[in-house]
Each structure stands twice: as structure tokens, then as C-alpha cells.
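Okay, so here's the structure we're looking at.
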Amino acid sequence: MLGKSLMSGRSSSSSKNRTFVYEVTGLRQNGENDNNDYPFRTSSSVFIQVPYDRMNDEMLKIGRMGGTIVNIRPLEISEKVSESEPSSESETSE
């Protein structure tokens, strides 16, 4: 039941491990986004990785910066691995 889940602090979903990718257009340079930890260009889409528990805050932040979220998708496990490990395409070519 939901009440038991809230009281025990456990969740049936793994929300801490979920990450989503926002595709954002229309961002413009201003004082607020000068301090962002991700680069962006105003000419096309920007892809921002957002943990599940920060989704709402990031949506508000993107709106304040003049951006429009055009797509949200879950980040696949294979994408997380490929981003954290160097590419090994040239090592094995059979």
C-alpha cells in the first residue's frame, strides 16, 4: 500500500537510478545560465541529462532561460555506460 511505502521510506520504483534526457530549443544566453555545468548553443537543440528527482526544478529553470522542452526520454543503461567508458571501436574489428 502507498501509506506503508511512505512510512517505511521505500519505493517500489528505482527513482534514484532513473535519468532522463531533455531536448531543449530556444535557450538564450543570460546571467542565470552563465553558471550552468553544461554547454549549450542557441542555434539548435541542447540535450540535458536530468535525474528523476530534479525534473521539475530543471523544467522551471529551462522556462526561465527562455527554452522550450521539445522531447523527454529516459536515458538507457547502454547510453550511461558508453558515456562513462572510452570507446573501444578500434580494438576489435572482425
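Residue numbering for the sequence shown follows the numbering used here, beginning at 1 and increasing consecutively. Each residue gets a CB set at the ideal place from its N, CA and C atoms; glycine is no exception. Predicted model only: the values in this text are computed from it and were never measured.
Check whether Val50 and Glu58 have beta carbons under 7 Å apart: Taking the first residue of the sequence shown as 1, we reach residue 50 at position 50. Taking the first residue of the sequence shown as 1, we reach residue 58 at position 58. At a Cβ-Cβ threshold of 7 Å, Val50 and Glu58 count as neighbours.
Buried or exposed (CB count within 10 angstroms, at least 16 for buried), Ile72: What you label residue 72 is simply residue 72 of the sequence shown in a count that begins at 1. Classification for Ile72: exposed.
Glu58 in three-state terms, based on DSSP: On the sequence shown, residue 58 is found 58 positions in, with the first residue counted as 1. Note: Glu58 maps to helix in three-state DSSP.
Under the three-state DSSP convention, the category Arg64 falls into: Locating residue 64 in the sequence shown gives position 64, where the first residue counts as 1. Helix.
Cut-off 6 Å between Cβ atoms - residues of its own chain near Pro74, not counting five sequence neighbours on either side: Numbered from 1 along the sequence shown, position 74 holds the residue referred to as residue 74. The residues are Phe20.
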